[in-house]
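K.L.:
Protein chains in written order, with this note's numbering: chain A, 605 to 814; chain B, 605 to 814; chain C, 605 to 814; chain D, 605 to 814. What follows is a single structure, and I will ask about it in a moment.
Number of protein chains: 4
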Amino acid sequence: MASRRRRDREIRESEILEAAFEEFAARGFAATRLEDVARRAGVAKGLPSFYFESKEALFKAVLRRLVLPDWDVLDAQFDGSDRPTVSLLRGLITVVYERLVGNPRAHQLLRLLIAEGPRFPELTEFYHAELIARAIALLRRLLARGMERGDIRPGLILDYPQTIMAPALMAVLWQLLFAEHHPLDLARFFEAHLDLVVNGVSERPHPAEV
Amino acid sequence: MASRRRRDREIRESEILEAAFEEFAARGFAATRLEDVARRAGVAKGLPSFYFESKEALFKAVLRRLVLPDWDVLDAQFDGSDRPTVSLLRGLITVVYERLVGNPRAHQLLRLLIAEGPRFPELTEFYHAELIARAIALLRRLLARGMERGDIRPGLILDYPQTIMAPALMAVLWQLLFAEHHPLDLARFFEAHLDLVVNGVSERPHPAEV
Amino acid sequence: MASRRRRDREIRESEILEAAFEEFAARGFAATRLEDVARRAGVAKGLPSFYFESKEALFKAVLRRLVLPDWDVLDAQFDGSDRPTVSLLRGLITVVYERLVGNPRAHQLLRLLIAEGPRFPELTEFYHAELIARAIALLRRLLARGMERGDIRPGLILDYPQTIMAPALMAVLWQLLFAEHHPLDLARFFEAHLDLVVNGVSERPHPAEV
Amino acid sequence: MASRRRRDREIRESEILEAAFEEFAARGFAATRLEDVARRAGVAKGLPSFYFESKEALFKAVLRRLVLPDWDVLDAQFDGSDRPTVSLLRGLITVVYERLVGNPRAHQLLRLLIAEGPRFPELTEFYHAELIARAIALLRRLLARGMERGDIRPGLILDYPQTIMAPALMAVLWQLLFAEHHPLDLARFFEAHLDLVVNGVSERPHPAEV
DNA sequence: TATGAATGAGGTTTCATTCAT
DNA sequence: AATGAATGAAACCTCATTCAT
Numbered sequence: 605m606a607s608r609r610r611r612d613r614e615i616r617e618s619e620i621l622e623a624a625f626e627e628f629a630a631r632g633f634a635a636t637r638l639e640d641v642a643r644r645a646g647v648a649k650g651l652p653s654f655y656f657e658s659k660e661a662l663f664k665a666v667l668r669r670l671v672l673p674d675w676d677v678l679d680a681q682f683d684g685s686d687r688p689t690v691s692l693l694r695g696l697i698t699v700v701y702e703r704l705v706g707n708p709r710a711h712q713l714l715r716l717l718i719a720e721g722p723r724f725p726e727l728t729e730f731y732h733a734e735l736i737a738r739a740i741a742l743l744r745r746l747l748a749r750g751m752e753r754g755d756i757r758p759g760l761i762l763d764y765p766q767t768i769m770a771p772a773l774m775a776v777l778w779q780l781l782f783a784e785h786h787p788l789d790l791a792r793f794f795e796a797h798l799d800l801v802v803n804g805v806s807e808r809p810h811p812a813e814v
Numbered sequence: 605m606a607s608r609r610r611r612d613r614e615i616r617e618s619e620i621l622e623a624a625f626e627e628f629a630a631r632g633f634a635a636t637r638l639e640d641v642a643r644r645a646g647v648a649k650g651l652p653s654f655y656f657e658s659k660e661a662l663f664k665a666v667l668r669r670l671v672l673p674d675w676d677v678l679d680a681q682f683d684g685s686d687r688p689t690v691s692l693l694r695g696l697i698t699v700v701y702e703r704l705v706g707n708p709r710a711h712q713l714l715r716l717l718i719a720e721g722p723r724f725p726e727l728t729e730f731y732h733a734e735l736i737a738r739a740i741a742l743l744r745r746l747l748a749r750g751m752e753r754g755d756i757r758p759g760l761i762l763d764y765p766q767t768i769m770a771p772a773l774m775a776v777l778w779q780l781l782f783a784e785h786h787p788l789d790l791a792r793f794f795e796a797h798l799d800l801v802v803n804g805v806s807e808r809p810h811p812a813e814v
Numbered sequence: 605m606a607s608r609r610r611r612d613r614e615i616r617e618s619e620i621l622e623a624a625f626e627e628f629a630a631r632g633f634a635a636t637r638l639e640d641v642a643r644r645a646g647v648a649k650g651l652p653s654f655y656f657e658s659k660e661a662l663f664k665a666v667l668r669r670l671v672l673p674d675w676d677v678l679d680a681q682f683d684g685s686d687r688p689t690v691s692l693l694r695g696l697i698t699v700v701y702e703r704l705v706g707n708p709r710a711h712q713l714l715r716l717l718i719a720e721g722p723r724f725p726e727l728t729e730f731y732h733a734e735l736i737a738r739a740i741a742l743l744r745r746l747l748a749r750g751m752e753r754g755d756i757r758p759g760l761i762l763d764y765p766q767t768i769m770a771p772a773l774m775a776v777l778w779q780l781l782f783a784e785h786h787p788l789d790l791a792r793f794f795e796a797h798l799d800l801v802v803n804g805v806s807e808r809p810h811p812a813e814v
Numbered sequence: 605m606a607s608r609r610r611r612d613r614e615i616r617e618s619e620i621l622e623a624a625f626e627e628f629a630a631r632g633f634a635a636t637r638l639e640d641v642a643r644r645a646g647v648a649k650g651l652p653s654f655y656f657e658s659k660e661a662l663f664k665a666v667l668r669r670l671v672l673p674d675w676d677v678l679d680a681q682f683d684g685s686d687r688p689t690v691s692l693l694r695g696l697i698t699v700v701y702e703r704l705v706g707n708p709r710a711h712q713l714l715r716l717l718i719a720e721g722p723r724f725p726e727l728t729e730f731y732h733a734e735l736i737a738r739a740i741a742l743l744r745r746l747l748a749r750g751m752e753r754g755d756i757r758p759g760l761i762l763d764y765p766q767t768i769m770a771p772a773l774m775a776v777l778w779q780l781l782f783a784e785h786h787p788l789d790l791a792r793f794f795e796a797h798l799d800l801v802v803n804g805v806s807e808r809p810h811p812a813e814v
């Protein structure tokens with residue numbers, strides 16, 4: 605049946621994309637050989653080129669497929685709530701640790717964006733628009749609301765709300781660079797992060813809960 | 605005279621290392637061609653291979669040459685001072701912005717470490733030992749002294765003092781990835797950083813100075 | 605019904621051969637892709653390989669299918685006539701212009717024979733035996749009869765009667781090579797050809813008729 | 605010495621061009637492998653690509669290098685003479701047989717132009733301009749002068765003087781296609797050619813001289 | 001000592017052919 | 001019988017490295 609064939613094809617394409625992601629993440633764009641991608645995907649050497657016009661096209665397809673947050677859900681969750689701002693902030697940071705800091709694929713994505721950004725500027729732009737800009741906007745709305753309510757200390761934080769997430773970014777990089785010889789206790793790092801930024805932005809002190 | 609010759613050689617070697625740094629930073633290890641390094645250094649195509657055993661050896665030499673902070677001076681400056689802890693913290697963050705966040709070469713070094721880390725683990729280890737571990741240690745001594753004095757709120761920060769520098773790291777990555785289309789006002793970002801972490805770690809509020 | 609199926613197959617095979625001829629003529633043997641042949645024939649990619657053992661076999665089948673003159677008819681027409689030799693010669697040259705010089709498929713056949721001759725010597729041999737040798741023989745009989753009758757000037761022409769057709773060959777090549785930028789007025793060229801060779805072989809002058 | 609190096613390089617380039625000509629002529633553009641060119645030239649596999657930007661560029665360089673007649677000399681020789689037109693015609697045809705019909709490289713050139721013309725139209729145009737058009741012009745001047753003098757029968761030959769050379773073209777093609785199994789006695793063919801066209805264009809009969 | 005021509009391994013890509021459906 | 005996805009050999013081209021000059 606034709607649809608069976610098509611499904612097979614789609615499955616193989618997925619397997620190639622997955623294998624390509626792993627190879628690109630491990631070696632970078634230039635050092636990755638299509639033959640290795642094929643071998644890892646368990647297909648013949650020529651198949652990646654058969655499915656994707658070029659190595660560059662494969663790379664872009666790999667990165668474009670990485671799932672982004674569902675902003676509708678996130679925005680609704682955080683914009684629509686009545687909880688204290690600090691509690692919302694904790695929730696948002698928690699989401700970031702669950703989805704990004706604790707997720708090796710996210711680390712590799714960051715590696716690829718940093719390493720290959722100059723060669724694929726449109727990818728950097730895409731991630732800025734779809735991830736960074738929207739995250740910053742959500743944080744800013746949260747903080748603005750907190751200032752109105754008197755939860756959050758007014759200040760420059762409204763200009764650069766992303767600084768609140770900076771320790772999480774640091775954790776991601778730490779895992780990329782040093783995890784092997786200097787592992788990170790992510791749970792404790794998370795608490796340290798929370799403690800720092802919650803007290804950094806609040807109107808009143810917030811002793812650590814743990 | 606022999607020493608004249610040696611000086612010539614050293615100059616040429618330096619020029620090759622400098623050119624190699626720029627090419628590696630722009631294109632990554634695998635995509636950089638020794639011929640381009642030679643051209644940029646103004647020497648013959650074969651000279652990089654003549655001076656360095658291999659492309660890998662050249663890469664390592666490039667990264668090992670990048671100057672590290674003079675820890676003796678820094679340690680003395682910050683450990684030996686009597687100023688209030690928050691003031692010292694401000695001073696240290698300022699140094700980081702001057703030397704790293706505002707220094708494109710430092711950005712490129714970070715890019716190379718992230719991109720080529722898996723291929724050159726000893727380099728990552730080197731930078732951890734010579735830069736990261738020592739910076740963390742200095743920060744930790746500073747905070748510990750602050751807690752003793754009652755300047756700094758006791759807490760998890762002593763476990764992960766590097767979080768204090770996280771926004772600076774974020775600024776570096778921002779410049780690497782987004783500077784072209786979304787430039788960063790570094791002075792304001794610096795203030796936001798200070799405001800966040802100074803309040804985040806202090807026993808008492810520290811209204812922004814600017 | 606079995607014969608219906610057979611007819612289907614024959615039709616498809618014909619369409620593949622026709623498509624293959626066009627592709628081979630346009631691009632040559634090596635640069636022609638079976639997939640393009642299939643697409644042009646409106647069949648699936650694998651069908652040419654399914655019908656023909658190999659690309660080479662397809663090429664040979666293509667060239668062997670090109671129709672040859674019906675020598676029985678031609679021989680009867682020219683050998684059996686009582687008309688003056690020069691008139692018969694005119695008739696024969698006219699046939700050549702109608703069937704070959706004015707027929708783009710014949711041009712392409714010549715291109716393929718010249719281009720791929722070294723790779724398919726049996727094809728060249730086939731065309732020599734079935735076309736060239738027989739044409740030469742017919743011409744030779746015509747001229748010999750003309751000499752007997754006193755129409756044709758005795759001479760070397762009997763050794764190389766094909767020279768009489770040489771301008772037609774030149775016209776074919778001209779169309780292959782230069783037609784696009786330097787079109788040929790075939791009617792006038794035909795008259796020039798006739799004028800040259802008729803006077804070249806005749807015992808008496810033959811002023812141009814046009 | 606630098607000039608020694610340069611001379612070496614030029615010699616090697618020549619050897620590659622010569623080897624490439626032979627391979628291209630034997631197999632055609634698409635079926636020729638650069639590695640075979642290299643092997644025939646006695647150099648390493650990569651050298652042809654090192655000297656020429658691409659296979660196409662190599663092909664063009666090969667064809668452009670094939671020497672053309674020195675038209676200044678030829679024009680002077682045939683335009684400036686007082687000999688009878690028929691004698692000049694004989695001389696010109698003789699030149700064509702010496703230089704082209706008897707020259708296997710010319711045969712191969714013709715094969716390449718016919719086979720690869722569609723892929724390299726600028727080459728066809730080049731040969732039309734530099735060879736064909738000038739040959740036609742010279743022939744036309746010769747015949748026009750002959751008509752003025754009363755040597756040459758007026759007629760359509762002035763429109764298509766190239767027909768005079770058509771048997772030579774036929775001989776070239778014969779050698780390309782049939783020489784192996786049906787060799788041509790070039791000397792006799794030449795006489796037959798002369799006999800045909802001299803009588804074909806002359807005002808008075810010209811019995812064969814041989 | 002430095003040059004740059006030359007080498008040749010190795011990568012991407014193409015495509016004739018196979019074969020499960 | 002026909003399809004078209006998959007295979008893998010082979011081609012072009014790149015470029016780190018060598019070495020005669």
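Each residue gets a CB set at the ideal place from its N, CA and C atoms; glycine is no exception. Source: prediction; values computed, not measured.
So, is the C-beta of residue 815 of chain A closer than 8 angstroms to a C-beta in chain B?
P.N.:
With chain A covering only 605 through 814, there is no way to say anything about residue 815 of chain A.
K.L.:
Within a Cβ cutoff of 7 angstroms, which residues of the same chain sit near residue 753 of chain C, ignoring the five residues on either side of it in sequence?
P.N.:
Counting only Cβ-Cβ distances below 7 angstroms, and skipping sequence neighbours, we find 689.
K.L.:
Quick check on DSSP: helix, strand or coil for residue 806 of chain B?
P.N.:
The answer is strand: DSSP assigns residue 806 of chain B an E or B state.
K.L.:
Going along chain D in order, which residues have a C-beta closer than 9 angstroms to the C-beta of residue 707 of chain C?
P.N.:
The contacting residues do not exist; residue 707 of chain C stays about 17 angstroms from chain D at best.
K.L.:
Give me, in chain order, the residues of the same chain whose beta-carbon lies closer than 8 angstroms to that of residue 783 of chain B; leave out the 5 immediate sequence neighbours on both sides.
P.N.:
Closer than 8 angstroms at Cβ, skipping near neighbours: no residue.
K.L.:
Considering Cα atoms alone, identify which of A:638, A:707, A:729 and A:706 is closest to residue 717 of chain A.
P.N.:
With distances taken between Cα atoms, residue 717 of chain A lies closest to A:729.
K.L.:
Kindly indicate if chain C contains any beta-carbon less than 8 angstroms away from that of residue 799 of chain D.
P.N.:
It does; some Cβ of chain C falls within 8 angstroms.
K.L.:
List, in chain order, every chain C residue whose beta-carbon is nearer than 7 angstroms to that of residue 760 of chain D.
P.N.:
Simply 792, 795, 796, 799 and 812.
K.L.:
If we cut at 8 angstroms on Cβ distances, does residue 739 of chain A have a partner in chain B?
P.N.:
Answer no: the Cβ-Cβ gap between residue 739 of chain A and chain B never drops below 8 angstroms.
K.L.:
Taking the alpha helix (DSSP H) that residue 685 of chain B falls in, what are its first and last residues?
P.N.:
Taken as a continuous stretch (DSSP letters only), residue 685 of chain B belongs to no alpha helix (DSSP H), as it is neither H nor E.
K.L.:
Give me the subset of the segment 710-741 of chain A whose CB atoms are less than 7 angstroms from a CB atom of chain B, sorted by chain position.
P.N.:
Going along the segment 710-741 of chain A in chain order, one finds 715, 717, 718, 719, 721, 722, 728, 729 and 732 with a Cβ nearer than 7 angstroms to chain B.
K.L.:
With three or more beta-carbon pairs closer than 8 angstroms as the criterion, would you say the segment 757-777 of chain C touches the segment 782-799 of chain D?
P.N.:
Output reads yes: the segment 782-799 of chain D touches the segment 757-777 of chain C.
K.L.:
Compute the distance between the beta-carbons of residue 671 of chain B and residue 625 of chain B, then report whether it is under 8 angstroms.
P.N.:
Against a cut-off of 8 angstroms, the Cβ pair of residue 625 of chain B and residue 671 of chain B comes out as no contact.
K.L.:
Looking at the C-beta of residue 755 of chain A, does it have a partner C-beta in chain B at a distance below 8 angstroms?
P.N.:
False, the Cβ-Cβ gap to chain B never drops below 8 angstroms.
K.L.:
Taking CB distances under 8 angstroms as the criterion, tell me whether residue 693 of chain D reaches chain C.
P.N.:
It does not: the Cβ of residue 693 of chain D has no partner Cβ on chain C nearer than 8 angstroms.
K.L.:
Name the two residues that bound the continuous alpha helix (DSSP H) containing residue 749 of chain B.
P.N.:
Looking at the DSSP string, the run of the alpha helix (DSSP H) that includes residue 749 of chain B is 737-753.
K.L.:
So residue 763 of chain A contacts chain B; which residues on that side make the cut at Cβ distance below 9 angstroms?
P.N.:
Correct list: 789, 792, 793, 795 and 796.
K.L.:
How long is the line joining the alpha carbons of residue 650 of chain D and residue 651 of chain B, rounded to whole angstroms?
P.N.:
Cα-Cα distance, rounded: 21 angstroms.
K.L.:
Considering only the beta carbon of each residue, do residue 723 of chain C and residue 633 of chain C sit closer than 8 angstroms?
P.N.:
Yes, the pair counts as a contact, with Cβ atoms nearer than the cut-off.
K.L.:
When the Cα of residue 776 of chain A is compared with those of A:713, A:627 and A:623, which residue comes out closest?
P.N.:
Minimum Cα distance to residue 776 of chain A is reached at A:713.
K.L.:
Examine chain D for any beta-carbon lying closer than 8 angstroms to the beta-carbon of residue 774 of chain C, and answer yes or no.
P.N.:
Closer than 8 angstroms to some Cβ of chain D, the Cβ of residue 774 of chain C qualifies, so yes.
K.L.:
Determine the direct distance from the alpha carbon of residue 758 of chain A to that of residue 781 of chain A, and round the result to whole angstroms.
P.N.:
Answer to the nearest angstrom: the Cα atoms are 36 angstroms apart.
K.L.:
CB residue 797 of chain C to CB residue 771 of chain C, shorter than 8 angstroms?
P.N.:
In this structure, residue 771 of chain C lies closer than 8 angstroms to residue 797 of chain C by Cβ.
K.L.:
Less than 8 angstroms between the beta carbons of residue 756 of chain A and residue 747 of chain A, yes or no?
P.N.:
In contact: residue 756 of chain A and residue 747 of chain A (Cβ atoms closer than 8 angstroms).
K.L.:
So, at 7 angstroms on beta carbons, what are the nonlocal neighbours of residue 751 of chain D in its own chain, with the 5 sequence-adjacent residues on each side left out?
P.N.:
Closer than 7 angstroms at the Cβ level, and outside the excluded window around residue 751 of chain D, lie 758.
K.L.:
With DSSP as the reference, identify every bridge partner of residue 756 of chain C, one or two as the case may be.
P.N.:
For residue 756 of chain C, which the question treats as bridged, DSSP gives the partners C:806.
K.L.:
Taking a contact to mean a Cβ-Cβ separation below 8 angstroms, would you say residue 647 of chain C touches residue 615 of chain C in this structure?
P.N.:
Not in contact: residue 647 of chain C and residue 615 of chain C (Cβ atoms no closer than 8 angstroms).
K.L.:
Give me the Cα-Cα distance between residue 663 of chain C and residue 803 of chain C, rounded to the nearest whole angstrom.
P.N.:
Going by the C-alpha atoms only, they are around 42 angstroms apart.
K.L.:
Check whether the Cβ of residue 659 of chain C sits closer than 7 angstroms to any heavy atom of the ligand GDP, and report yes or no.
P.N.:
This structure lacks the ligand GDP; in fact it carries no ligand of any kind.
K.L.:
For a contact defined as C-beta to C-beta under 9 angstroms, what are the partners of residue 663 of chain A on chain B?
P.N.:
The premise fails here: residue 663 of chain A is roughly 13 angstroms from chain B at the closest Cβ pair, so nothing lies under 9 angstroms.
K.L.:
Here's a check: name, in chain order, each residue in its chain whose Cβ is nearer than 7 angstroms to the Cβ of residue 800 of chain D, leaving out the five neighbours to either side.
P.N.:
Closer than 7 angstroms at the Cβ level, and outside the excluded window around residue 800 of chain D, lie 771.
K.L.:
Relative to the alpha-carbon of residue 673 of chain C, which residue among C:785, C:637, C:733 and C:611 has its alpha-carbon at the smallest distance?
P.N.:
Checked all of C:785, C:637, C:733 and C:611; the closest Cα to residue 673 of chain C is C:733.
K.L.:
Can you list, in chain order, the residues of its chain whose CB lies under 7 angstroms from that of residue 617 of chain C, leaving out five sequence neighbours each side?
P.N.:
For residue 617 of chain C, where only same-chain residues beyond five positions count, the Cβ hits under 7 angstroms are 655.
K.L.:
With C-beta atoms as the reference, is residue 629 of chain A less than 8 angstroms away from residue 715 of chain A?
P.N.:
The answer is yes: Cβ separation under 8 angstroms.
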